[in-house]
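**Q** Each residue of the sequence shown is one higher than the last, beginning at 1 in my numbering. All C-beta atoms in this analysis are idealised placements derived from N, C-alpha and C, irrespective of residue type, glycine included. Note that the structure is predicted; figures quoted are calculated from it, not measured. Sharing a structure, written as structure tokens. Questions coming.
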Amino acid sequence: MTDRLTIRPAQGESSTIPLADGSLLIGSDPSTNICLHDPAVTPRHAILENSSGHWIIRCCDSGASILMDGRATGELRLEHGLTFSIGSTNFTFETTRLSLESQFGGNSEIENPEEAVAQLHEAQKRVTDEMSNIVVGQSAVVHQILVALFARGHCLLVGIPGLAKTLMARTLAGTLELHCKRVQFTPDLMPSDITGTDVLEEEPGTTSRKFRFKRGPIFTNLLLADEINRTPPKTQAALLEAMQERRVTISGISYDLPQPFFVIATQNPIEQEGTYPLPEAQLDRFMFCVRVDYPSAEEEERIIMETTQDATREVHRILDSKSLLAFQHLVRKTPVSKHVGAYVTRLVRATRPDSKQVADFITRYVRWGAGPRAGQYLILAAKAHALLRGRLNVSCADVRKYALPVLRHRILCNFAAASEGIDSDEIIRRLLEAIPEPDYKAGE
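Structure follows, in structure tokens:
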């Protein structure tokens with residue numbers, strides 16, 4: 001027996017049932033697989049089913065809920081030892097299945113870090129090679145997207161139309177065996193068009209009606225938010241909870257998103273009419289703001305010649321979702337020295353004009369500096385970059401490499417900077433020159 005569910009009712013004895021591939025219906029109706037005699041349980045309350053090797057329990061209608069740690073949710077992905085309740089009945093899920101994810105995602109230390117890093121480096125190389133067969137050039141952008149993906153962040157791609165921003169997202173989804181959905185953001189797009197909504201349905205064979213949650217396109221592994229600045233802030237805000245907490249809340253009930261969950265948003269900087277600038281809270285949810293530039297002359301000639309032929313190319317799948325989650329855990333588990341941590345803290349705090357001993361150009365040109373999330377993402381980016389390069393040690397040089405994509409959308413310049421033609425990128429370059437690494441000898 002590999003998977004089992006222990007049932008502990010408020011009254012009566014506990015019982016344990018084995019779980020085989022398929023599904024189980026839980027409710028108060030005697031015809032359900034697990035019948036609960038509880039007035040708080042609806043006739044067909046929830047369904048437990050195996051999806052791609054993982055057990056998931058979800059409510060059958062919006063009037064039902066599942067409780068975990070006092071929080072009502074409409075769906076749960078079951079992990080070993082997880083406890084949840086339906087009504088007054090508690091459930092505990094146990095499994096003995098082993099996977100790459102469990103090897104890296106548990107509390108125990110990684111037995112062979114060098115081998116794990118070698119696997120990640122090889123996987124990154126194969127994914128990059130596959131993407132290069134479809135996307136010509138833009139190697140730096142592709143690498144930054146992969147760093148954000150393995151660091152469990154999100155990417156905002158800023159560039160003029162026609163630079164393969166959408167193509168990169170779709171190709172990445174194909175190489176990683178991820179479900180990908182695209183949402184074209186328009187001024188008339190509503191939040192429910194992204195998250196989903198409750199719909200009233202009539203049950204077959206009866207006259208009774210009930211609300212059922214209809215999922216929106218956000219329930220996917222890779223969400224491509226195309227031209228995100230073309231929709232009003234109300235609709236942009238529909239992504240806030242999903243990007244930070246990996247769930248959405250509808251009518252007071254939370255629904256967990258599939259894992260892994262990764263957002264790639266595109267934005268055209270030259271189109272001003274009919275656009276809505278992203279609020280700072282929305283921008284801060286993105287780990288990277290990546291600027292996509294024109295290709296080189298050689299790359300552009302290759303694009304023109306290869307894309308005008310009657311030929312199609314396909315990519316091969318390199319990683320599945322379980323392996324990707326395992327590598328994301330590996331990035332989080334990678335240690336970082338106090339020296340690097342002190343440098344990141346010093347760099348982030350130096351962006352704030354109200355800090356002590358701040359550089360003169362910061363007080364002159366910066367209105368708002370970066371918050372603590374910038375430091376978190378700088379550390380994660382440095383970790384992921386080092387591992388993707390086949391190294392276990394993280395250096396300050398790795399931090400400096402990703403200072404621009406992490407900080408450029410978190411530093412708000414004032415009018416003086418705009419009048420003198422100075423943007424956030426120039427501010428960051430000056431900071432990198434002005435802020436030294438901590439000195440070991442001085443005890444910093």
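Using 8 Å as the Cβ pair cut-off and three pairs as the minimum, do the region 396-407 and the region 279-295 touch?
**A** Counting Cβ pairs under 8 Å, three or more are found: they touch.
**Q** Between the Cα of residue 347 and those of 335, 133, 438 and 383, spot the shortest distance and give me the residue it belongs to.
**A** Taking only the C-alpha atoms, the option nearest residue 347 is 438.
**Q** Rounded to whole angstroms, what's the CA-CA distance from residue 54 to residue 189? Just pull it up for me.
**A** The straight-line gap from Cα to Cα measures roughly 33 Å.
**Q** Let me confirm a value: residue 144 is counted as buried when at least 16 other C-beta atoms fall within 10 Å, else exposed. Which label applies?
**A** With 16 or more Cβ atoms within 10 Å of its Cβ, residue 144 is classed as buried.
**Q** Quick check: what's the CA-CA separation for residue 229 versus residue 264?
**A** The alpha-carbon atoms of residue 229 and residue 264 are separated by roughly 13 Å.
**Q** In angstroms with no decimal places, state the Cα-to-Cα distance between residue 168 and residue 34.
**A** Approximately 46 Å, taken between the alpha carbons.
**Q** Mind checking who residue 56 pairs with in its DSSP beta bridge?
**A** Its beta-bridge partners are 49 and 77.
**Q** Using 10 angstroms around the beta-carbon of residue 226, count the other beta-carbons present and answer buried if the total reaches 16, otherwise exposed.
**A** Looking at its Cβ environment, which holds 16 or more other Cβ atoms inside 10 Å, residue 226 is buried.
**Q** Measure the beta-carbon distance from residue 385 to residue 147 and round it to whole angstroms, keeping in mind my assumption that it falls under 8 Å.
**A** With 8 Å as the limit, residue 385 and residue 147 qualify as a contact, their Cβ atoms being about 5 Å apart.
**Q** For a quick check, are the C-beta atoms of residue 166 and residue 315 less than 9 Å apart?
**A** Cβ distance not < 9 Å, so residue 166 and residue 315 don't count as in contact.
**Q** Please confirm if the region 374-383 is in contact with the region 256-263, defined as three or more CB-CB distances below 8 Å between the two stretches.
**A** No, the region 374-383 is not in contact with the region 256-263.
**Q** Determine, using beta-carbon pairs with one atom in the region 342-357 and one in the region 303-313, whether at least three such pairs fall under 8 Å.
**A** Not touching, per the Cβ criterion.
**Q** Do you know offhand how far residue 418's Cα is from residue 365's?
**A** Between residue 418 and residue 365, the C-alpha separation is close to 8 Å.
**Q** Between which two residues does the alpha helix (DSSP H) containing residue 234 stretch?
**A** 233-236 is the extent of the alpha helix (DSSP H) around residue 234.
**Q** Mind checking which residues open and close the beta strand (DSSP E) that includes residue 26?
**A** Here the beta strand (DSSP E) through residue 26 covers 23-27.
**Q** Can you tell which of 334, 361, 92 and 177 has the C-alpha that lies nearest to the C-alpha of residue 430?
**A** Checked all of 334, 361, 92 and 177; the closest Cα to residue 430 is 361.
**Q** If you drop the 5 nearest sequence neighbours on each side, which residues of the same chain put their C-beta closer than 6 Å to that of residue 10?
**A** If we look at residue 10 and ignore the five residues flanking it on each side, its Cβ neighbours are 88.
**Q** In the DSSP assignment, what residue or residues form a beta bridge with residue 184?
**A** In the DSSP output, where bridge partners are listed per residue, residue 184 has 226.
**Q** Flag this pair as yes or no: are the beta carbons of residue 450 and residue 177 separated by less than 9 Å?
**A** Since the first residue shown for the chain is 1 and the last is 444, residue 450 is missing from the structure and cannot be characterised.
**Q** Does the count of Cβ pairs from the region 338-347 and the region 391-398 closer than 8 Å reach three?
**A** The region 338-347 vs the region 391-398: in contact.
**Q** Apart from the five residues on each side of it in sequence, which residues of its chain come closer than 7 Å, Cβ to Cβ, to residue 336?
**A** For residue 336, where only same-chain residues beyond five positions count, the Cβ hits under 7 Å are 379, 383 and 394.
**Q** Pull up the CB-CB distance for residue 293 and residue 421, whole angstroms please, since I reckon it's below 8 Å.
**A** No, residue 293 and residue 421 are not in contact; Cβ-Cβ is about 19 Å, not under 8 Å.
**Q** Any idea which residues DSSP pairs residue 35 with across the strands?
**A** According to DSSP, which records beta bridges pairwise, residue 35 is partnered with 27.
**Q** Hey, how far is the Cα of residue 102 from the Cα of residue 79?
**A** Residue confidence is low: residue 102 scores 40 on pLDDT, short of 50, so the model does not pin down where it sits. No coordinate-derived value is stated.
**Q** Let me make sure I understand the geometry here. Which of 92, 213, 86 and 370 has the alpha-carbon closest to that of residue 281?
**A** Comparing Cα positions, the closest option is 370.
**Q** Can you check DSSP and say which residues form a bridge with residue 196?
**A** According to DSSP, residue 196 bridges with 215.
**Q** Suppose you measure from the CA of residue 164 to the CA of residue 91; what does that come to, to the nearest Å?
**A** For residue 164 and residue 91, the distance between alpha carbons rounds to 48 Å.
**Q** Going by the CB atoms, is the gap between residue 7 and residue 16 shorter than 9 Å?
**A** Yes, the Cβ-Cβ distance between residue 16 and residue 7 is below 9 Å.
**Q** Which residues in the same chain as residue 238 place their Cβ atom closer than 6 Å to its Cβ, once the five residues preceding and following it in sequence are excluded?
**A** Taken in chain order, the residues that qualify are 191, 194 and 195.
**Q** For residue 312, collect the residues of the same chain with a Cβ closer than 6 Å to its Cβ; drop the 5 residues on either side in sequence, then sort them by chain order.
**A** Taken in chain order, the list of residues that qualify is empty.
**Q** Starting from residue 379, trace the alpha helix (DSSP H) both ways and give me its first and last residue.
**A** Taken as a continuous stretch (DSSP letters only), the alpha helix (DSSP H) holding residue 379 covers 372-388.
**Q** Scan the region 275-347 and note each continuous beta strand (DSSP E) run of 3 residues or more that stays entirely inside, going in chain order.
**A** Counting only runs of 3 or more, we get 288-291.
**Q** If you check the beta carbons only, do residue 471 and residue 151 fall under 9 Å apart?
**A** For the chain, the structure presents residues 1 to 444; residue 471 sits outside this window and is missing.
**Q** Please state the DSSP three-state secondary structure of residue 259.
**A** Reduced to three states, the DSSP call for residue 259 is coil.
**Q** So residue 42 packs on residue 63, CB below 8 Å; how close in whole Å?
**A** Indeed they touch by this definition, with Cβ atoms about 6 Å apart.
**Q** Which residue comes first and which comes last in the beta strand (DSSP E) that contains residue 249?
**A** Start and end: 247-250.
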